[in-house]
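The numbering used here puts the sequence shown at residues 27 to 184.
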Amino acid sequence: MFDFQSSAKFITSAVFACLVAATPSKAVSPDRQRPVSGESVIEIYSGKTWIWEHGGSYWGRDGSFRGLWKETNVGIGKWYATSKGKLCYEATWYGAKDSPGEDIKRCWRHVVDSEGAIWKQNMDTKDWYRPTKEFSERLQAGNKVQAAVNRLVRRYGI
Numbered sequence: 027m028f029d030f031q032s033s034a035k036f037i038t039s040a041v042f043a044c045l046v047a048a049t050p051s052k053a054v055s056p057d058r059q060r061p062v063s064g065e066s067v068i069e070i071y072s073g074k075t076w077i078w079e080h081g082g083s084y085w086g087r088d089g090s091f092r093g094l095w096k097e098t099n100v101g102i103g104k105w106y107a108t109s110k111g112k113l114c115y116e117a118t119w120y121g122a123k124d125s126p127g128e129d130i131k132r133c134w135r136h137v138v139d140s141e142g143a144i145w146k147q148n149m150d151t152k153d154w155y156r157p158t159k160e161f162s163e164r165l166q167a168g169n170k171v172q173a174a175v176n177r178l179v180r181r182y183g184i
């Protein structure tokens, strides 16, 4: 027996899937880009560790930056926030004893959209994202990378 409703739902779903697949993807970004104040950016990160997939970074209250990447790379430097909502670090990253290190600067732009949600833009890739989990789970009070950073600093003679 022919089930018209089931067939209609299937056809509708198939047509919708084809339309979605045929639509060019559009970059997701905030509808409005009002910069977050530098003071707010400082409040968000100061004295906290940003947990990364393979390491993390500590954003000291005194402007010091300490980073750890894949248990073998350590970054030592400074961080700051600009009045236009940018969070930046400038650090020398070391990965071996007696290494001269590599100077790296990374920045993220923080803006607020029309609904009051904060968005971040990676200034290297220009990709936008909403850091909801980052702020609630991956930014943790205190220095969670201190022991590992200190171990690598001693090992590499920094």
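All C-beta atoms, glycine included, are put in the ideal place defined by N, C-alpha and C.
None of these values were measured; they are calculated from a predicted model.
Please classify residue i: is it buried, with 16 or more other beta-carbons within 10 angstroms of its beta-carbon, or exposed?
{"i": "Lys110", "result": "exposed"}
{"i": "Thr151", "result": "exposed"}
{"i": "Arg180", "result": "exposed"}
{"i": "Ala173", "result": "exposed"}
{"i": "Val171", "result": "buried"}
{"i": "Ser83", "result": "buried"}
Does the separation of the CB atoms of residue i and residue j fall below 7 Å?
{"i": "Ser55", "j": "Trp154", "result": "yes"}
{"i": "Trp85", "j": "Trp105", "result": "yes"}
{"i": "Ile144", "j": "Val138", "result": "yes"}
{"i": "Trp76", "j": "Leu165", "result": "yes"}
{"i": "Ser140", "j": "Asp57", "result": "yes"}
Which residue from the options puts its Cα closest to that of residue i?
{"i": "Leu94", "options": "Glu69, Gly121, Tyr71 and Gly142", "result": "Gly121"}
{"i": "Glu116", "options": "Ile70, Val100, Glu141 and Arg58", "result": "Val100"}
{"i": "Glu65", "options": "Glu160, Arg177, Leu113 and Phe91", "result": "Leu113"}
{"i": "Trp78", "options": "Val67, Lys159, Tyr182 and Glu141", "result": "Lys159"}
{"i": "Glu163", "options": "Gly103, Tyr71, Gly89 and Glu97", "result": "Tyr71"}
I need the boundaries of the beta strand (DSSP E) containing residue i, first residue and last residue.
{"i": "Gly93", "result": "Ser90 to Trp95"}
{"i": "Arg132", "result": "Glu128 to Val138"}
{"i": "Trp107", "result": "First, the residue type needs correcting, since residue 107 is Ala and not Trp in the sequence shown. Taken as a continuous stretch (DSSP letters only), the beta strand (DSSP E) holding Ala107 covers Asn99 to Ala107."}
{"i": "Gly81", "result": "Gly81 to Trp85"}
{"i": "Glu116", "result": "Lys112 to Tyr120"}
{"i": "Gln147", "result": "Ile144 to Asn148"}
For the alpha helix (DSSP H) that residue i lies in, which residues bound it at each end?
{"i": "Asn176", "result": "Gln172 to Tyr182"}
{"i": "Ser66", "result": "Gly64 to Tyr71"}
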